[in-house]
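Enquirer:
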Amino acid sequence: IMGGGFGGGPQQMPHCAPTYAAVLSLCIVASLGLAQPSSHSYHKAGKMAMEALRKRRFQLYAFYLTLREPDNGDNADGEERIAFRMQHDGEIDVRASYCILAPCYLLGLLNKSNDTDANNPLQSTSISRYIASCQTFEGGFGAEPFNEAHGGYTFCALAALRILDSVPMIDVNALSSWLARRQMGFEGGFCGRTNKLVDGCYSFWQGGAVAVLDGWYNDEEDVATSKEGSSSDASDSKLSFDEVMLQRYILLCAQDVNGGLRDKPSKPKDFYHSCYNLSGLSGAACIGTMATVNHQDHHRRRREGRDFQSSVRRCKCQYYWEDRSRDQCQSGESQVYAISTILIVLIYNFLGIISSKMDGLRVASNVLSFIPNE
Numbered sequence: 001i002m003g004g005g006f007g008g009g010p011q012q013m014p015h016c017a018p019t020y021a022a023v024l025s026l027c028i029v030a031s032l033g034l035a036q037p038s039s040h041s042y043h044k045a046g047k048m049a050m051e052a053l054r055k056r057r058f059q060l061y062a063f064y065l066t067l068r069e070p071d072n073g074d075n076a077d078g079e080e081r082i083a084f085r086m087q088h089d090g091e092i093d094v095r096a097s098y099c100i101l102a103p104c105y106l107l108g109l110l111n112k113s114n115d116t117d118a119n120n121p122l123q124s125t126s127i128s129r130y131i132a133s134c135q136t137f138e139g140g141f142g143a144e145p146f147n148e149a150h151g152g153y154t155f156c157a158l159a160a161l162r163i164l165d166s167v168p169m170i171d172v173n174a175l176s177s178w179l180a181r182r183q184m185g186f187e188g189g190f191c192g193r194t195n196k197l198v199d200g201c202y203s204f205w206q207g208g209a210v211a212v213l214d215g216w217y218n219d220e221e222d223v224a225t226s227k228e229g230s231s232s233d234a235s236d237s238k239l240s241f242d243e244v245m246l247q248r249y250i251l252l253c254a255q256d257v258n259g260g261l262r263d264k265p266s267k268p269k270d271f272y273h274s275c276y277n278l279s280g281l282s283g284a285a286c287i288g289t290m291a292t293v294n295h296q297d298h299h300r301r302r303r304e305g306r307d308f309q310s311s312v313r314r315c316k317c318q319y320y321w322e323d324r325s326r327d328q329c330q331s332g333e334s335q336v337y338a339i340s341t342i343l344i345v346l347i348y349n350f351l352g353i354i355s356s357k358m359d360g361l362r363v364a365s366n367v368l369s370f371i372p373n374e
């Protein structure tokens with residue numbers, strides 16, 4: 001089968017990154033369109049997307065196989081390690097491993113229920129060995145072995161290992177510790193590397209890595225409890241970082257008042273940071289805090305005889321001001337949170353681009369309207 005991935009545009013070379021984006025985009029269109037009745041306008045688009053995926057499925061598999069690259073570097077144990085290139089004659093790093101494994105998983109090319117997949121080159125343990133070798137002494141992952149730990153590469157490495165069910169091959173405790181230290185204690189957002197500034201895009205790269213690792217922890221606990229004959233409550237699971245602080249940073253610092261999202265105040269908005277700020281916000285709100293808010297408020301409001309739906313609507317508007325216990329929402333704490341956020345915005349703008357000072361003042365004035373009068 002002649003292999004072929006997607007390029008960034010017409011007549012461009014196939015590359016793992018645009019191929020990853022193309023496959024995921026087609027999967028979204030197909031899933032949304034085919035869920036509609038045949039008379040719906042989305043159904044035709046979904047059918048076309050599914051047909052394109054079926055047509056290119058094995059071509060993509062053949063293309064990915066051509067990107068394998070044996071890693072014979074400092075390999076003292078003598079075991080084989082397989083890396084991937086981003087494109088033919090391109091760079092080698094863990095991005096390629098993730099950008100290949102994620103589409104293969106979605107396209108059913110890593111179906112472990114099939115006995116024939118025992119010899120699947122894309123499920124080889126040597127791939128997991130290479131990814132694990134990229135973990136640094138800090139606990140995070142670099143692009144290649146002996147590179148500095150970085151948030152983007154850490155997400156790619158961990159997600160790829162999760163797809164391959166090979167997370168136990170790494171030092172999980174060191175990774176958890178490194179991820180926990182990347183959330184900034186004052187700003188609430190994440191930084192990408194040690195001793196670096198906060199950046200909105202790492203709301204996804206670091207926050208998403210925490211979500212993947214927490215999911216693995218929860219699965220391990222479910223297996224342990226099932227062996228013991230007990231049951232675990234899935235509704236109690238939440239993310240192991242401060243979701244409220246992250247949401248406040250995204251909504252009040254990374255959000256541009258004229259639309260779009262950015263790295264930090266004084267930086268321009270762009271599509272990249274808009275995408276990953278929103279992705280991080282979605283994970284923090286939907287996977288973590290929002291589910292906890294609804295669950296705890298449900299029982300509290302039932303005891304107090306109040307309407308549950310109204311409490312959910314209130315939490316959606318003011319969840320980032322409330323205490324983590326969700327039992328009280330005191331105006332004094334909310335004012336402290338608001339004032340600290342205003343200071344962050346103003347400090348960043350005065351130390352950054354002076355022309356954006358009014359942008360920070362407009363955000364600060366909007367924050368004042370969020371303080372609850374209780």
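Just so we're aligned, residue 1 is where the sequence shown starts under our numbering, counting upward by one. Beta carbons: idealized from backbone N, C-alpha and C, even for Gly.
(1) Enumerate in chain order the residues of its own chain whose CB-to-CB distance from residue 201 is below 6 Å, with the five nearest sequence positions on each side excluded.
(2) Could you tell me which residues DSSP puts in a beta bridge with residue 70?
(3) Grab the span of the alpha helix (DSSP H) containing residue 19 for me, first residue to last.
(4) Apart from the five residues on each side of it in sequence, which residues of its chain come closer than 6 Å, Cβ to Cβ, to residue 249?
(5) Any idea what DSSP makes of residue 206, helix, strand or coil?
(6) Just to confirm, is the Cβ distance from residue 4 to residue 14 under 7 Å?
(7) Is the beta carbon of residue 83 sitting closer than 7 Å to the one on residue 69?
(8) DSSP three-state label for residue 58, please.
(9) Residue 64 to residue 130, Cα distance in whole Å?
(10) Identify every run of the alpha helix (DSSP H) within the stretch 131-166, keeping only runs that are complete inside it and at least 4 residues long; order them along the chain.
(11) Pairs of beta-carbons, one from the stretch 166-176 and one from the stretch 207-223, closer than 8 Å: are there three or more?
(12) Using CA atoms only, rank isn't needed, just tell me which of 78, 107, 247 is closest to residue 22.
(13) In three-state terms, what does DSSP make of residue 275?
(14) Leaving aside the five residues before and after residue 26 along the sequence, list all residues of the same chain whose C-beta is less than 7 Å from its C-beta, in chain order.
(15) CB-CB under 7 Å to residue 128, same chain, minus the five flanking residues each way: which ones, in chain order?
(16) Quick check: residue 192 and residue 139, are their CB atoms within less than 7 Å of each other?
(17) Between residue 11 and the rest of its own chain, which residues show a CB-CB distance below 7 Å, the 5 nearest in sequence each way excluded?
(18) According to the Cβ coordinates, are residue 81 and residue 96 closer than 7 Å?
(19) Residues in its own chain within less than 7 Å of residue 87 by CB, not counting five upstream and five downstream?
(20) Once you ignore the five residues that flank residue 205 on each side, which residues in its own chain have a CB closer than 6 Å to its CB?
(21) Once the 5 residues before and after residue 286 are set aside, which same chain residues still bring their CB inside 7 Å of it?
(22) If I measure Cβ to Cβ from residue 105 and keep anything under 7 Å in the same chain, skipping five residues before and after, which residues do I get?
(23) Can you say whether residue 133 is buried or exposed, counting buried as having 16 or more other CB atoms within 10 angstroms of its CB?
(24) Roughly how many angstroms lie between the CA atoms of residue 265 and residue 253, to the nearest whole one?
(25) With DSSP run on the structure shown, which of helix, strand or coil describes residue 375?
(26) In three-state DSSP terms, what is residue 94?
(27) So what does DSSP say about residue 269, is it helix, strand or coil?
(28) On the criterion of 16 or more Cβ atoms from any shown chain inside 10 Å, does residue 328 qualify as buried, or is it exposed?
(29) Take the Cβ of residue 429 as the centre, count every other Cβ of all protein chains shown within 10 Å, and call the residue buried at 16 or more, exposed below.
(30) Between the alpha carbons of residue 213 and residue 158, how many angstroms are there, rounded?
(31) Any idea if residue 269 is buried or exposed, counting beta-carbon neighbours within 10 angstroms, 16 or more meaning buried?
(32) Pick helix, strand or coil for residue 12, following the three-state DSSP scheme.
Expert: In short:
(1) 273, 276
(2) 82
(3) 16-34
(4) 187, 188, 189
(5) helix
(6) yes
(7) yes
(8) helix
(9) 16 Å
(10) 151-163
(11) yes
(12) 107
(13) helix
(14) 49, 52, 53
(15) 161, 164, 166, 169
(16) no
(17) none
(18) no
(19) 13, 14, 15, 16
(20) 151, 152, 155
(21) none
(22) 163
(23) buried
(24) 6 Å
(25) The structure shown has nothing for residue 375, since the chain only spans 1 to 374.
(26) helix
(27) strand
(28) Note that residue 328 scores 34 on pLDDT, short of 50, meaning its location in the model is unreliable and no value can be drawn from it.
(29) This structure cannot speak to residue 429, because the chain is shown only from 1 to 374.
(30) 8 Å
(31) buried
(32) coil
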